[in-house]
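As you go down the protein sequences, you meet chains A and B in turn.
Just so we're aligned, residue 5 is where the first sequence starts under our numbering, counting upward by one.
Just so we're aligned, residue 2 is where the second sequence starts under our numbering, counting upward by one.
Where is the CB? At the ideal position from N, CA and C, for every residue including glycine.
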Amino acid sequence: SQQGEEDPQALSIQEGENATMNCSYKTSINNLQWYRQNSGRGLVHLILIRSNEREKHSGRLRVTLDTSKKSSSLLITASRAADTASYFCATLNNAGNMLTFGGGTRLMVKP
Amino acid sequence: NAGVTQTPKFQVLKTGQSMTLQCAQDMNHEYMSWYRQDPGMGLRLIHYSVGAGITDQGEVPNGYNVSRSTTEDFPLRLLSAAPSQTSVYFCASTTRQGRAGELFFGEGSRLTVL
């Protein structure tokens, strides 16, 4: 079974709105990462949050981590049509040798 | 820098045939891995390597072999292809420093087994 599960599976918003995606996981982690995948392409790393961090920002991205609830959220502010992609959370185990991905959220931003 | 390069990009096999998916990186990364991506399943780890001469199994290793004779290359072998191995395969690498490195992905190899 997958370590991470994303919610919602699909999200459609208008340009300029904010998009929030959630990720839940099952076991303790070293860090949690978010990736983006454009259709037919490889994944691109967006942001990493360590297990002892609670919030992190990078440009229009804001990530939170709640280790007590084993959950994370990714917020994309002021979305653009170019943000249309699939977004995946991934958790690194404590041994640091396995990064496990969730099923992803498909985001569509309408112009 | 080319980053992570995968070949071939597309391949069609018949059941029982064998083939090797190639992966090369030019970033001197110690860690390399192979994932498969199926619709609705996200990415699942097949095999990984923490350095030349060292490989280990991921979540779904059955039907696949790997080797790591050099830092740069990490080929994935399908010894007897099955329709269940129809998928998109991604190779990824990262530095092991701090155990927290982001993964750099190749563009994927789309495999169809008939």
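So residue i and residue j are supposed to be a Cβ contact under 8 Å. How far apart are they, rounded?
| i | j | result |
| --- | --- | --- |
| R69 of chain B | M33 of chain B | 7 Å |
| Y29 of chain A | G8 of chain A | 5 Å |
| L50 of chain A | L65 of chain A | 6 Å |
| R84 of chain A | V48 of chain A | Going by Cβ atoms, the distance from R84 of chain A to V48 of chain A rounds to 16 Å, so no, they are not a contact pair. |
Would DSSP call residue i helix, strand or coil?
| i | result |
| --- | --- |
| D27 of chain B | coil |
| S85 of chain B | helix |
| A53 of chain B | coil |
| K74 of chain A | coil |
| N34 of chain A | coil |
| A94 of chain A | strand |
| A3 of chain B | coil |
| L104 of chain B | coil |
| N66 of chain B | strand |
| S43 of chain A | coil |
| G107 of chain A | coil |
| T68 of chain A | strand |
| E73 of chain B | coil |
| R58 of chain A | coil |
Please list, in chain order, the chain A residues whose beta carbon lies closer than 8 Å to that of residue i.
| i | result |
| --- | --- |
| Y49 of chain B | N101, M102 |
| F11 of chain B | Residues of chain A passing the Cβ test: none, with the nearest at roughly 11 Å. |
Name the chain B residues whose beta carbon is nearer than 8 Å to that of residue i?
| i | result |
| --- | --- |
| H49 of chain A | E103, L104, F105 |
| R45 of chain A | E108, G109 |
Sort out for me which residues DSSP pairs residue i with in a bridge.
| i | result |
| --- | --- |
| K114 of chain A | A:Q18 |
| G59 of chain B | Per DSSP, none; premise fails for G59 of chain B. |
| Q12 of chain B | B:L112 |
| D11 of chain A | A:N26 |
| D87 of chain A | Answer is none; D87 of chain A lacks a bridge partner. |
| M20 of chain B | B:L79 |
| M42 of chain B | Answer by DSSP bridge pairing: none, since M42 of chain B is not bridged. |
| T96 of chain B | None; T96 of chain B has no bridge partner. |
| I80 of chain A | A:A23, A:L65 |
| I53 of chain A | A:L36 |
Taking residue i as the query, report the chain A residues whose CB atoms sit under 7 Å from its CB, ordered along the chain.
| i | result |
| --- | --- |
| G43 of chain B | Q6, F92, F105, G106, G107, G108 |
| G59 of chain B | M102 |
| L22 of chain B | Near L22 of chain B there are no residues of chain A at all, since even the closest Cβ is about 14 Å away, more than 7 Å. |
Could you name the residues of chain A that residue i contacts, counting a contact when the two beta carbons are closer than 9 Å?
| i | result |
| --- | --- |
| L46 of chain B | M102, L103, T104, F105 |
What residues of chain B sit near residue i, judged by a beta carbon separation below 7 Å?
| i | result |
| --- | --- |
| Q18 of chain A | The premise fails here: Q18 of chain A is roughly 26 Å from chain B at the closest Cβ pair, so nothing lies under 7 Å. |
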